[in-house]
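Residue numbers (UniProt numbering), protein chains in the order written: chain A, 1 to 220; chain B, 1 to 220; chain C, 1 to 220; chain D, 1 to 220.
Number of protein chains: 4
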Amino acid sequence: MAAQAPAADGGQKTTPRSARGVRTRNALIAAAREVFERDGYLDARITDISKAAHVASGSFYTYFTSKEEIFQALVEQVQEEMLHPHLRERTGITDTRKLIDASNREYLRAYKKNARLMALFEQVAQIDEKFMKLRIERGNAFARRNAKLIRTLQDDGEADRDLDPLVTAHALSVMVSRMAYMVFVLGQRIPFERLVTTLNQIWANALQLGDPEPETAPEA
Amino acid sequence: MAAQAPAADGGQKTTPRSARGVRTRNALIAAAREVFERDGYLDARITDISKAAHVASGSFYTYFTSKEEIFQALVEQVQEEMLHPHLRERTGITDTRKLIDASNREYLRAYKKNARLMALFEQVAQIDEKFMKLRIERGNAFARRNAKLIRTLQDDGEADRDLDPLVTAHALSVMVSRMAYMVFVLGQRIPFERLVTTLNQIWANALQLGDPEPETAPEA
Amino acid sequence: MAAQAPAADGGQKTTPRSARGVRTRNALIAAAREVFERDGYLDARITDISKAAHVASGSFYTYFTSKEEIFQALVEQVQEEMLHPHLRERTGITDTRKLIDASNREYLRAYKKNARLMALFEQVAQIDEKFMKLRIERGNAFARRNAKLIRTLQDDGEADRDLDPLVTAHALSVMVSRMAYMVFVLGQRIPFERLVTTLNQIWANALQLGDPEPETAPEA
Amino acid sequence: MAAQAPAADGGQKTTPRSARGVRTRNALIAAAREVFERDGYLDARITDISKAAHVASGSFYTYFTSKEEIFQALVEQVQEEMLHPHLRERTGITDTRKLIDASNREYLRAYKKNARLMALFEQVAQIDEKFMKLRIERGNAFARRNAKLIRTLQDDGEADRDLDPLVTAHALSVMVSRMAYMVFVLGQRIPFERLVTTLNQIWANALQLGDPEPETAPEA
DNA sequence: TATGAATGAGTTTTCATTCAT
DNA sequence: TATGAATGAAAACTCATTCAT
Numbered sequence: 001m002a003a004q005a006p007a008a009d010g011g012q013k014t015t016p017r018s019a020r021g022v023r024t025r026n027a028l029i030a031a032a033r034e035v036f037e038r039d040g041y042l043d044a045r046i047t048d049i050s051k052a053a054h055v056a057s058g059s060f061y062t063y064f065t066s067k068e069e070i071f072q073a074l075v076e077q078v079q080e081e082m083l084h085p086h087l088r089e090r091t092g093i094t095d096t097r098k099l100i101d102a103s104n105r106e107y108l109r110a111y112k113k114n115a116r117l118m119a120l121f122e123q124v125a126q127i128d129e130k131f132m133k134l135r136i137e138r139g140n141a142f143a144r145r146n147a148k149l150i151r152t153l154q155d156d157g158e159a160d161r162d163l164d165p166l167v168t169a170h171a172l173s174v175m176v177s178r179m180a181y182m183v184f185v186l187g188q189r190i191p192f193e194r195l196v197t198t199l200n201q202i203w204a205n206a207l208q209l210g211d212p213e214p215e216t217a218p219e220a
Numbered sequence: 001m002a003a004q005a006p007a008a009d010g011g012q013k014t015t016p017r018s019a020r021g022v023r024t025r026n027a028l029i030a031a032a033r034e035v036f037e038r039d040g041y042l043d044a045r046i047t048d049i050s051k052a053a054h055v056a057s058g059s060f061y062t063y064f065t066s067k068e069e070i071f072q073a074l075v076e077q078v079q080e081e082m083l084h085p086h087l088r089e090r091t092g093i094t095d096t097r098k099l100i101d102a103s104n105r106e107y108l109r110a111y112k113k114n115a116r117l118m119a120l121f122e123q124v125a126q127i128d129e130k131f132m133k134l135r136i137e138r139g140n141a142f143a144r145r146n147a148k149l150i151r152t153l154q155d156d157g158e159a160d161r162d163l164d165p166l167v168t169a170h171a172l173s174v175m176v177s178r179m180a181y182m183v184f185v186l187g188q189r190i191p192f193e194r195l196v197t198t199l200n201q202i203w204a205n206a207l208q209l210g211d212p213e214p215e216t217a218p219e220a
Numbered sequence: 001m002a003a004q005a006p007a008a009d010g011g012q013k014t015t016p017r018s019a020r021g022v023r024t025r026n027a028l029i030a031a032a033r034e035v036f037e038r039d040g041y042l043d044a045r046i047t048d049i050s051k052a053a054h055v056a057s058g059s060f061y062t063y064f065t066s067k068e069e070i071f072q073a074l075v076e077q078v079q080e081e082m083l084h085p086h087l088r089e090r091t092g093i094t095d096t097r098k099l100i101d102a103s104n105r106e107y108l109r110a111y112k113k114n115a116r117l118m119a120l121f122e123q124v125a126q127i128d129e130k131f132m133k134l135r136i137e138r139g140n141a142f143a144r145r146n147a148k149l150i151r152t153l154q155d156d157g158e159a160d161r162d163l164d165p166l167v168t169a170h171a172l173s174v175m176v177s178r179m180a181y182m183v184f185v186l187g188q189r190i191p192f193e194r195l196v197t198t199l200n201q202i203w204a205n206a207l208q209l210g211d212p213e214p215e216t217a218p219e220a
Numbered sequence: 001m002a003a004q005a006p007a008a009d010g011g012q013k014t015t016p017r018s019a020r021g022v023r024t025r026n027a028l029i030a031a032a033r034e035v036f037e038r039d040g041y042l043d044a045r046i047t048d049i050s051k052a053a054h055v056a057s058g059s060f061y062t063y064f065t066s067k068e069e070i071f072q073a074l075v076e077q078v079q080e081e082m083l084h085p086h087l088r089e090r091t092g093i094t095d096t097r098k099l100i101d102a103s104n105r106e107y108l109r110a111y112k113k114n115a116r117l118m119a120l121f122e123q124v125a126q127i128d129e130k131f132m133k134l135r136i137e138r139g140n141a142f143a144r145r146n147a148k149l150i151r152t153l154q155d156d157g158e159a160d161r162d163l164d165p166l167v168t169a170h171a172l173s174v175m176v177s178r179m180a181y182m183v184f185v186l187g188q189r190i191p192f193e194r195l196v197t198t199l200n201q202i203w204a205n206a207l208q209l210g211d212p213e214p215e216t217a218p219e220a
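Right, dumping it as structure tokens:
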């Protein structure tokens, strides 16, 4: 599947053919991140991106058509770095509470680390429909996965059967991501551990998971 | 407290002295809402607002200094219409579950009714720091109130004592407001009743409220 | 018909509402003519037109959308000045040779007077399809009128019946206009009278008109 | 005279020394024709010409300095193909009417065949003075030749002595070339034969040539 | 107060041309 | 010779804001 990769270049302007070209393009993306994070999407001028990348203003257009397009490229680059799916398979965790904890923890840590960028994404989503749609789709995919998990737990009698799985999945998701935004972007002063713990607990309670296994009671 | 709506006149330009002036000012605000909702905050041109209000472009500046300022005025006007605090006192509801239901229901209904405007607020908050701060403060105030309630419940043994009251209050709040955004602004297709019910249930579970009183126990 | 005049404003930008506005718009058109004639259509910068009209660069856009549009306005204005149709009705001339002479003479005189502008039209027609189409249509209309005249002469036995009336009309027309271009724009040194006389004679010969009436036989 | 095509190398950039160079240069000229005819002179970008010739953009400058220069080269190449002077000597035709017919016919046929290119020449002449001057000179030379012919005919009593030979020569020339433009470039719908015949007849009439010799005297 | 014309700062974008490899 | 990336000058255009009437 991924092996075929039909080179969905999406009408990019120029894929650099020379090593120098690759360097310039990357310099531009890095500069864009810098300028975007510093000035915000709206106030970022293409001129400044070129300047920050130490290339002539026109060189920007060798690789990108617009501010939107370079932002797109930036998003893609960052996403590769941030995305860590298949937590369960990766970690081997089976206990639901522990899975929730690992998942929330990983998410919040990544969010914190890239807070300025996440703020930027939030902003651009409000400005550019295309990015908003991307976010929605990603959120939906994520919620569907979680809904399936919830449904399984319900079937196993381990989660509250009164809950609509999909709505619940959405609700708990947005709760976490929005709290991340509040704390790491808006600066709401909540200690990391307390944040994770509380969110974990709300998840557990909301689903009505059974009491946690005694953490590791090594006896006595 | 909030009922008094004090000060915060923020150096507005002119409070009209003539009846005609009042009319023009109101026409401008109404036009602003129309244009903002239609074009979004960024693409709304002051010229268009004047045009929509059927006044000359220069007349705008008789009452407002900038787009930001008229947006401010719009927000204030709308807030008066939307704000319904003191739910408990107003309704006399004492049962926690019922209070939660009433509160969520009222909020979601209002959100749905003013969805375009709420989208606008969301957008402007991403663009204008001042509005973002306003939102944060309002959110904080709301969360503090709810945290107090949660603390009381915990003290009474009616809510999970492991939860940090303030963080929980925040988390449950943003969960509801974000779901409202998702459904009424982004168009996520979730039926209103299912949305309310699920959110209510998540609240109740999260807090670990006791089983609901039998809905109508007309006897005993 | 004309009384209804559905205000075919053709999407013009602003029809000035104030006297000042009218003055500015006219100043811009006059400046445009000046700049176009001096620099040619292609090299004329909108900036320069504004400058020549002594208005700010932005003021141009109060009245026009583009270079093309102001050129359009200029053409229309000039055309009103140059167009003198219905020669026969106007002058009462009935003799064909005299009519040809009056017609050619009038045309060439007007062309000479507005030579720079005619050069400009020629140039723009080569650059902008819209103007080319206008010219074609005008040429066709003119040729159709002349073709009708030729047909009448043929029917009366006064013109060579072997000629295709429409093709002939076109041919004689373009001959005159092209010679005007050659002489008054390109500077081919042919005295005005010789030009008119020769063209008249070619027309007369081409149509095989009978010998001219003796001009004025002042004697017996 | 014209057959020698002397000098006028106008400082061209490089006459390729290698066979590969010759190939590249020709590819560029061919590509230029293609791009010019497709996009018009003004919109043709040097980049596109290089692209169409399958060479790197920089390679253009190995052979040409500018768009103007490659256009020049194109013109020269085409002219060699199109020019067929010395019609009389070539064909041996002596009858004036037949000579006119052959001349017009040959011209119109060539014009039709290369219509797009002729349109291009017309356009460029309006844009670039140098090309305009070339056209003028060529036109003058042609007219002088024809004027000489007319003078001879007049001297022999075979043409109207009232006509100024040079003006007439010019007039009849531009008539033909302009009609060719109208029909083959602008698309005026006139059948080829009717066009030739009518133009021939106008020439004959204009000069007042005597009646044609009976086409083929099948008798005697 | 209302009008609507005038202002002009500030970016984007194109593409011919150069140049290091 | 060929390559293709880098350069940067030059104009268009928008629209918030001012101001004379």
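For each residue, glycine too, the CB sits at the ideal point set by N, CA and C.
Computed from a predicted model, the values in this text were never measured in an experiment.
Quick check on DSSP: helix, strand or coil for residue i?
i: residue 3 of chain B; result: At residue 3 of chain B the pLDDT is 36, less than 50, meaning the model places this residue with poor confidence; the figure from the coordinates comes in the next sentence. Helix at residue 3 of chain B.
i: residue 170 of chain D; result: helix
i: residue 91 of chain C; result: helix
i: residue 45 of chain C; result: coil
i: residue 64 of chain D; result: coil
i: residue 149 of chain B; result: helix
i: residue 165 of chain C; result: helix
i: residue 158 of chain B; result: coil
i: residue 186 of chain C; result: coil
i: residue 83 of chain B; result: coil
i: residue 18 of chain C; result: coil
i: residue 210 of chain C; result: coil
i: residue 128 of chain D; result: coil
With 16 other CB atoms within 10 Å as the buried threshold, where does residue i fall?
i: residue 19 of chain A; result: exposed
i: residue 67 of chain C; result: buried
i: residue 152 of chain B; result: exposed
i: residue 124 of chain D; result: buried
i: residue 7 of chain A; result: In this predicted model, residue 7 of chain A has a pLDDT of only 37, less than 50, meaning its place in the structure is not dependable enough to derive any value.
i: residue 64 of chain A; result: buried
Which residues in chain B have a C-beta closer than 9 Å to the C-beta of residue i? List them in chain order.
i: residue 42 of chain A; result: 42, 127
Pick out whichever of the options has its Cα sitting closest to the Cα of residue i.
i: residue 32 of chain B; options: B:145, B:22, B:58, B:72; result: B:72
i: residue 84 of chain D; options: D:107, D:63, D:208; result: D:107
i: residue 141 of chain C; options: D:188, D:69, D:121; result: D:188
i: residue 54 of chain A; options: A:35, A:114, A:158, A:42; result: A:35
i: residue 74 of chain D; options: D:87, D:150, D:41; result: D:41
i: residue 137 of chain B; options: B:170, B:201, B:43, B:180; result: B:170
i: residue 130 of chain B; options: A:132, A:186, A:86; result: A:186
i: residue 168 of chain D; options: C:62, C:194, C:160; result: C:194
i: residue 221 of chain C; options: C:57, C:180, C:162; result: In the structure displayed, chain C extends from 1 to 220; residue 221 of chain C sits before or after that span and is not available.
Strictly below 8 Å CB to CB, what residues from chain B border residue i?
i: residue 104 of chain A; result: What residue 104 of chain A touches in chain B: nothing, since even the nearest Cβ is about 11 Å away.
Starting from residue i, trace the alpha helix (DSSP H) in both directions and tell me its first and last residue.
i: residue 102 of chain B; result: 96–113
i: residue 192 of chain A; result: 192–207
What does residue i reach in chain D if we use C-beta pairs closer than 7 Å?
i: residue 174 of chain C; result: 175, 178, 179, 182
Counting only Cβ pairs nearer than 7 Å, list the residues of chain C close to residue i.
i: residue 205 of chain D; result: 160, 205, 206, 208
Strictly below 7 Å CB to CB, what residues from chain A border residue i?
i: residue 199 of chain B; result: 171
Going along chain B, which residues have a C-beta under 7 Å from residue i?
i: residue 164 of chain A; result: 194, 198
In chain A, which residues lie less than 9 Å from residue i when you measure between Cβ atoms?
i: residue 136 of chain B; result: 182, 186, 187, 188
i: residue 122 of chain B; result: 126
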